[in-house]
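These notes concern the structure reproduced below.
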Amino acid sequence: MKAASNPIEWQQGFAKSSTTGLNMAWESAGPTDGETIFMVAGLGCQLTMWNDEFCAPLLQRGYRLVRFDNRDIGLTDQHPTSMKVNVPATFIRNKLGLPTPTNYKLDTMANDAIGLIDALELKRPHLLGISMGGMISQIVAAKAPEKIGKLVTLMSSTNNPKLPMPTPNVLHNMFLKKPKSQKIDDVVAHVERVFTAIGSPGYPPDPLKLRERARKSYNRAYKPAGVLRQTHCVVATGSIEDYTREIRVPTCVIHGLDDPLLKKACSERIAKLVPDSRLHLIKGLGHDLPEPLAPTFAEIIHSHLS
3 MKAASNPIEW
13 QQGFAKSSTT
23 GLNMAWESAG
33 PTDGETIFMV
43 AGLGCQLTMW
53 NDEFCAPLLQ
63 RGYRLVRFDN
73 RDIGLTDQHP
83 TSMKVNVPAT
93 FIRNKLGLPT
103 PTNYKLDTMA
113 NDAIGLIDAL
123 ELKRPHLLGI
133 SMGGMISQIV
143 AAKAPEKIGK
153 LVTLMSSTNN
163 PKLPMPTPNV
173 LHNMFLKKPK
183 SQKIDDVVAH
193 VERVFTAIGS
203 PGYPPDPLKL
213 RERARKSYNR
223 AYKPAGVLRQ
233 THCVVATGSI
243 EDYTREIRVP
253 TCVIHGLDDP
263 LLKKACSERI
273 AKLVPDSRLH
283 LIKGLGHDLP
293 EPLAPTFAEI
303 IHSHLS
């Protein structure tokens, strides 16, 4: 099924999470009477990470899509700074199994999402979570199964510290190498470097599209402190397997065989812990959403939800 040639018309708005009071930016597209897919973005990514190329095949199948900015990113409220963030120190404490103070944990972000589902009066939407968003979605599915339909995790994890590490190249480009400055050109160059490092070897990202999307994201909202707090949140939360084991909604797990950030073992762990879940491993897929795979993603998701 071909992607739509015209840009998708997204309805935009803000709503307060009924559980946390956070003012959250959201967008929706598709028929209001269609089955809803509630899309949870990954670490440091705005709602626009769910790009039109990915969304079009799902809209063509009649779904209503709702995407939103997590706390500390995009146009959603930032978390008030209450403590200094030290990601490397937190990472070491996490590996040693030591408790780690943090501004908030993934549980909080899951509560944000549950409250947004209520605020938008969504009736048992299906969850589609990518990377960190997949972790948030697992927690939502465990805590509030009565509020959702089915679950799809995409290149995600149980966040167990014993799971395989990212490749050294990814660690270097994502967490050690910083933009030269906070000016748009330097930030765009950094984003291009990161997404090239984590991208799909079978479907190399287009540098021009990478830069164009990075510029649009920067101009929409650039919150480096929020990205740092989100990173700290993921590391400080540690394993979410107590939640994963509680999931009883129908679950589909999708992962790339060539993901250098979250290795395939991360999703294999989800599938092992969730009864009767379906695992789909895609050759050539890294940690991004390659345009040529949009029909494949849509077919797997639709097959699970229908």
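In short: position in the sequence shown from 1, add 2, done, that's our numbering.
Note that CB positions come from ideal geometry on N, CA and C, so glycine has one too.
Own chain residues within Cβ distance below 7 Å of residue i, not counting five before or after
i	result
E270	L281
D290	F197, I200, G201, S202, P207
D54	P9, I10
T100	Looking at the sequence provided, one finds Leu at residue 100 rather than Thr. Within the same chain, L100 has no close Cβ partners at all.
M85	P103, N105
L283	H257, L259, K266
I242	L108, M137, Q140, I141, T160, N161
L307	E37, H128, K152
Residue from the options whose Cα sits closest to the Cα of residue i
i	options	result
F40	F16, Y106, I119	I119
R73	L108, W52, S183, R66	L108
R126	P207, D35, D54, L165	D35
P277	C268, P90, T253, G15	T253
L210	K97, Y224, P147, V193	V193
K149	F56, L124, L263, I186	L124
T239	S305, D187, F177, I94	I94
P181	P226, T21, P170, V87	P226
I132	E301, A121, T160	T160
T110	C57, L263, G135	G135
F177	R195, K185, K18	R195
V236	T298, S308, V87	V87
E214	A144, I303, V190	V190
K268	M167, S279, A223	Here residue 268 turns out to be Cys, not Lys, going by the sequence shown. Of the listed residues, the one whose Cα sits closest to C268 is M167.
N113	P82, T21, F56	T21
L60	D79, G117, A27, L130	L130
A146	I249, L264, A300, A121	I249
R247	I272, A223, Y224	I272
I303	W12, A144, F56, D188	F56
Y245	A144, T92, D187, L165	A144
Beta-ladder partner(s) of residue i, from DSSP
i	result
N105	Per DSSP, none; premise fails for N105.
D18	One point to set straight first is that residue 18 is Lys, not Asp, in the sequence displayed. Bridge partners of K18: N25.
M41	R69, L130
L283	H257
V313	Limits of the chain in this structure are 3 at one end and 308 at the other, which puts residue 313 out of reach.
V154	L130, C254
S305	DSSP output for S305 lists no bridge partner at all.
A58	Answer by DSSP bridge pairing: none, since A58 is not bridged.
S30	Q13, V68
Same chain only: Cβ atoms within 6 Å of residue i, ignoring 5 sequence neighbours per side
i	result
Q14	E29
E37	Y65
L295	none
K97	P163
P90	none
A6	Low confidence applies to A6: its pLDDT is 48, below 50, so where it sits in the model is not reliable, and the reading given next is rough at best. So the qualifying residues of the chain are A58.
L263	P168, V172, I200, H289
T83	none
S279	T253, V255, A273
T298	none
Close Cβ partners of residue i (< 8 Å) along its chain, the five nearest in sequence each way excluded
i	result
L287	M157, S202, G204, Y205, H257, G258, L259, D260, D261, L295
I75	A43, G46, C47, Q48, A223, K225, G228, V229, Q232
Within-8 Å CB hit, residue i to chain D
i	result
V193	Looking for chain D here will not work: only one protein chain is present.
Checklist entry - Are three or more beta carbon pairs between the segment 92-107 and the segment 229-237 nearer than 8 Å? => result Using a C-beta cut-off of 8 Å, the segment 92-107 makes contact with the segment 229-237, since at least three inter-stretch Cβ pairs fall below that distance.
Checklist entry - Are the segment 147-160 and the segment 254-262 in contact at 8 Å, needing three or more beta carbon pairs? => result Verdict: yes, contact present.
Next on the checklist: Can you confirm whether the segment 212-226 touches the segment 45-54 when touching is taken to mean that 3 or more C-beta pairs between the two stretches lie within less than 8 Å?
Outcome noted: In the pairwise beta carbon analysis, the segment 45-54 is classified as touching the segment 212-226: at least three pairs are separated by under 8 Å.
Next on the checklist: Report the start-end ranges of each beta strand (DSSP E) in the segment 175-252 that is 3 residues or longer and not cut off at the edges.
Outcome noted: Taking only runs of at least 3 residues, no beta strand (DSSP E) segment lies wholly in the segment 175-252.
Item to check | contact_flag[the segment 21-31, the segment 66-86] where n(CB pairs < 8 Å) is 3 or more | outcome: At 8 Å Cβ cutoff, the stretches touch.
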